[in-house]
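First comes the structure, then the notes that go with it.
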Amino acid sequence: MRYILIASSIAMLLVHQLCAQMAVTGKVVRAEDNEPLPEATLLLLNKRQTVLSGHDGTFSLQVDGADTLLVSHVGYLARRMAVAAGTPSLIIQMERVPNELEEVQISTGYYQVPIERATGSFVHIGNRLLNRAIGANVLQRLEGIAPGVQFVNPGGTAAADIRVRGLSTIESDETPLIVLDNFPYEGSLDNIDPNSIESITVLRDGAAASIWGARAGNGVIVITTKKGGTDGRVHISLNANTNITDKPDLLYSRAWLPSATVMEIEKERYGLGHYATDNRTPIPLYVEWLRDYDEGRISAGELAAQEAVLRQTDTRQQAMDYLYRRSGFQQYALNVSGGAERYGYDVSAGYHGASGELSGDDSKRVNLSMRNRFSLFSGTELVTTLAYVGQRSGNNGIGFGSLSPSSIGPSPYLRLADGQGNALAVPRDLRYRYAESAASNGLLDWLYRPLDEQRRNANTTFSNELRINGDLNTRIWRGLSAKVSYQYVRANAGSQSHHRKDSYYVRNLVNQFTQPDGTLVIPHGGILQVGNPAGRFSHFGRALLNFERGFGDSHRMAALGGIEIRHSQSETFPASVLYNYNDEYLTGSSQLNFNQRYPTLPEGSPTRLIPGGSDIHRLFTNRDLSYFGNASYTYRQRYTVSGSIRWDGSNLFGVKTNQKGVPLWSLGGSWEASRENFYPLAGWLPYARLRATYGVAGNVNKTVTHYPTVNFGRSFINLPSATILSVGNPSLRWERVSTVNAAFDWRLKRDRVSGSIEYYTKRGNDLIGDDYMDPTTGITGNYKINYADTKTHGWDIQISSRNLEGQLRWNSSVLASWVFNEITGYRTNEAVRVTNYFSSVAPPAIGKPRDVVYALPWSGLSADGLPLVFIDGRETQDYLSYFNQYLTPDMLAEAGVSVPSFYGSLRNTLMWKGLEVEALITWRSGYVFRRPSMEPDGDYYMRYHVDYFNRWQRPGDENATNVPRKISYGEMTAGNSSGASNAYRNSEALITRGDHIRLQDARISYLLPAALITDWPIRAVRVSAYARNLGILWRANKQDIDPDYANSLYRAPRQFAFGVQVDF
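So the sequence shown is residues -20 to -1, 1 to 1044, counted in mature numbering (1 follows the signal peptide of the UniProt record, and there is no 0).
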């Protein structure tokens, strides 16, 4: 009986529990069409249980008694409703936030403003769009998704690789200002964990960026990291990503010829006596074998056997097999955030481990951050942030370029390993046979074996950075608040190279300094080189008053004003060297005579000093003081005017500039026409807004100062020397960039299509340019002062569409930008050599773009196969006179520009239930590049190209080809060969259109159904796969050249990444 009573009691308890805790199910849908709304957040306020709606909008919650359900989603009005155990299945309709393009707050680094009240030109990239790409660097995630942001170096990872709306300077830094959590950031962007970023805002015009004053002329990129919550819940997010990158394809480059062809060329040249016998000069390995045969050291059969091996060898394939590998990285990021009204926190930890494309290259990075928010008392809040990043890299790979002897190009037939995988030697700094005989002549082994060097050297770079900042914000009166901010940054970086005793570096140095009597000037032991350690720190303080308040339903005002002060200092210390270094005991010696010049080997080499450290110690100090203000007024939610003003002073500026204090300022206005009663297009265009701004921002050239600056060092004879870096300019001031921006934002009915179109004009004034001093002053070189001018104008267009709605959804986004720049004021040095106009950046000239590409007019080939040039209308082959005496810049053809003037992207996203598929197509057009080709004298420098097979070979070929013939040895000795090569290499014949369309990346992700994780303390799980650099869909050139990598050894390899994100 007792057991029956116990069993009955347990059963009753179970029934009571089941009755007390029951599942409430339902579906979240959009109110306008009752279509499912995935990833809506459903929170039981009493139980603090949270789930996300699934891909079909469904959800399931375990309810204990009565509770309140809060449902929210970005872009929709939140809903509250009472629920209890036994509540029937719910259909929750979510209404969109009215009259909102996006429910986002734009951050300028000083203040936040709703997008509907912003008059300036902003680009906001939210967390979800930013995380669509899996990349090691934050900037890589912006490529193709931010209108007006152009990657000059595709795939670049530094701020210098991008431009925001073209160029605004000539001689100064083109890099946009990076702002991290409201403070300017001067560290490497590789230090920022991309998984910790909440959003990125790009400030593109003067009104948006001028609040940053003299540092904003190139645009501003504001990075905001994740913050702690206020809803009382703990949010835990774990990200894990793995990236695999294909091995570089070294067979891509056209600057190559097959081994058999090169051997024929080398055999011909050897027969003509073109190769020197000096032991100091390396010659091709095949030529060494030919010489061995002629001098009787090998037989004809042995020579034939070696020739057969060399013909079948391709150095590129050898390098791919032994030196290169698939690269990749692993990323892990843990974020824990939470808090309530009085306290909030956000703790992040990230790890990034990467293996480079070269065997022996690797890197590790650790990111740690903690952010705390304290409500000290009513209306007063303190926010503190502590962030640390440490990075260490090993750079021990041997690249393809390391296979090239110092004076010639790489041979196409080099073998790096034998059939058993043993390392083989290749020519390096000396004649191969001389280096081969060194050991038998009493010297150390002098051969260079690339595969051995990977493990005989330890090259390491390291850096760390600590950021501490805090904000104290207090409400003073209705809408009026005060904020005091401070940030301290300290960073250190350094490098060291440990060359082991058996490394080529040590053996080469010891042998070079071995004296005729066998004395070793440099001990045969390890060598430790410590690079110039560098450190920097900065203090940044800011105090401001902020006012924001609405007056009734018709008026809203916002204003702020403040002061900020900044002190930064960077210091570089001398490098050092330890000889006879023992890495076990960490001992070595620097007690060598670094002031004596010693005779060196091979015989005939000049005397040299022992390589030592450096006595360079540099210290740079910057101090800045600024006053700023910003205000806006909105009337009836449709008319907004805004303005800003800023005054900057700096120890970099001249005394007159700081005393005068010319401010930088902006004005802007917007009109939301669709709110007017008389608006006639409400039926099909329910949202229409016009914006216009004018603003003046600045740019600073830190290489120019108002005081004369001198660099002290030592000359080549080890005596003290001094070099004048700048003669000083008391009138030095910031460069001024004035921008006019006009925009139209629009949205069709039901948000099916929306977008914006913007036109802008930027004028750069008082830009730094080169001037030339009276040579009697003793100052040679250029004198940089403020006088130059530029003009840039362009369009930015953005269109987003919801093509399909329902179970299957299809969204598209089109970005298109057009930009053109022109130099309107500059004093071009007429003494500049004409050949300087063919460099990657030509000398500036009035009326020309900064990125202009010049070329020689092309008239074809002469009857004997050389480029046709004319002096005073007469055909000539006197290229030296043509270039040095006759040719002038105005005779050159303006072939185009080197940076695309039209670029954009198309992004398509398909969503079905929890599955999401996305592809990004980018295009770049309106630019040219100078493609490489065979050079008439290329054989003599081992510079080869497949165009060799299309060269002129016999009379009449000039009618079928533009590739010149080879130059004979006699023409080489006449000193005219380089002119023939220049006439072809820099001609219009090699100018090629760069227009192309590329499949930039593709992504597929899946949000696991909520039903699968209901029993786990997990809110959501998303898995994804990502691929990048997928290839060119169309190109204008017919040579199968990737325009982004026209002169590269290889194009960007394909990348594949896999990731999982778990939210608890």
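All residues carry an ideal CB built from backbone N, CA and C; glycine is no exception.
Same chain, Cβ closer than 7 Å to residue i, five either side skipped, listed in chain order
i, result
"GLY593", "PRO554, ALA555, SER556, VAL557"
"TYR428", "ALA405, VAL406, ARG408, TYR484"
"ARG213", "ARG28, THR30, GLY318"
"PHE131", "GLU123, ASP141, ILE142"
"MET914", "HIS925, ASP927, TYR928, ARG931, VAL943"
"ASP226", "ARG306, PRO1033, ARG1034"
"GLY167", "GLU445, ALA471"
"LEU872", "TYR817, TYR834, ALA835, LEU836"
"MET891", "ARG789"
Local Cβ density within 10 Å of residue i, reported as buried at 16 or more and exposed below that
i, result
"LEU119", "buried"
"ARG999", "buried"
"TRP726", "buried"
"TRP1014", "exposed"
"TRP714", "buried"
"PHE658", "exposed"
"GLY324", "buried"
"MET922", "buried"
"LEU699", "exposed"
"GLY401", "exposed"
"LYS1018", "exposed"
"ASP628", "buried"
"ALA280", "exposed"
"GLU337", "buried"
"LEU661", "exposed"
"PRO586", "exposed"
"ASP533", "exposed"
"VAL54", "exposed"
"HIS535", "exposed"
"ARG813", "exposed"
Beta-carbon proximity check, residue i vs residue j, cutoff 8 Å
i, j, result
"GLU246", "TYR232", "no"
"THR295", "ASN375", "no"
"ILE201", "ILE177", "no"
"residue 1047", "LEU383", "Within the shown structure, residues of the chain are numbered from -20 to 1044, placing residue 1047 beyond reach of any answer."
"SER736", "LEU728", "no"
"ALA187", "GLY541", "no"
"LEU48", "ILE191", "The amino acid at residue 48 is misidentified as Leu; the sequence shows Thr. Contact flag unset, no."
"SER885", "LEU895", "no"
"ARG112", "ARG983", "yes"
"TYR859", "ALA969", "no"
Residues near residue i by beta carbon distance below 6 Å, same chain, minus five either side
i, result
"VAL4", "LEU41, VAL43, VAL63, THR67"
"GLU75", "ALA11, LEU57"
"ALA194", "ASP628, GLY678, VAL680, TRP714"
"ARG598", "THR552"
Alpha helix (DSSP H) segment containing residue i, residue limits
i, result
"SER958", "957 to 965"
"TYR266", "265 to 274"
"SER239", "239 to 251"
"ASN107", "107 to 110"
"ILE993", "990 to 993"
Integer Cβ distance of residue i from residue j, believed to fall under 8 Å
i, j, result
"ASN809", "ASP750", "7 Å"
"GLU738", "SER101", "6 Å"
"ASN888", "SER152", "ASN888 to SER152, Cβ: 39 Å. No contact."
"PHE909", "ALA1026", "5 Å"
"TYR412", "GLU268", "5 Å"
"LEU431", "GLY379", "Actually they are not in contact, since the Cβ atoms of LEU431 and GLY379 sit about 13 Å apart, beyond 8 Å."
Residue i - containing beta strand (DSSP E), residue span
i, result
"TYR928", "It is not in any beta strand (DSSP E) - TYR928 carries neither H nor E in the DSSP assignment."
"ILE971", "971 to 973"
"GLN311", "307 to 319"
"GLN476", "460 to 479"
"LEU489", "Premise fails: LEU489 lies in the alpha helix (DSSP H), 484 to 492, not in any beta strand (DSSP E)."
Cβ neighbours of residue i in the same chain (closer than 8 Å, five flanking residues each side left out)
i, result
"PHE800", "GLY146, THR772, HIS773, GLY774, PRO829, SER881"
"ASP398", "LEU404"
"LEU81", "With a pLDDT of 40 at LEU81, under the threshold of 50, the modelled position of that residue is not reliable, and the figure given next carries that caveat. Taken in chain order, the residues that qualify are ILE95, GLU96, TYR667, ASP725, ARG727, SER734."
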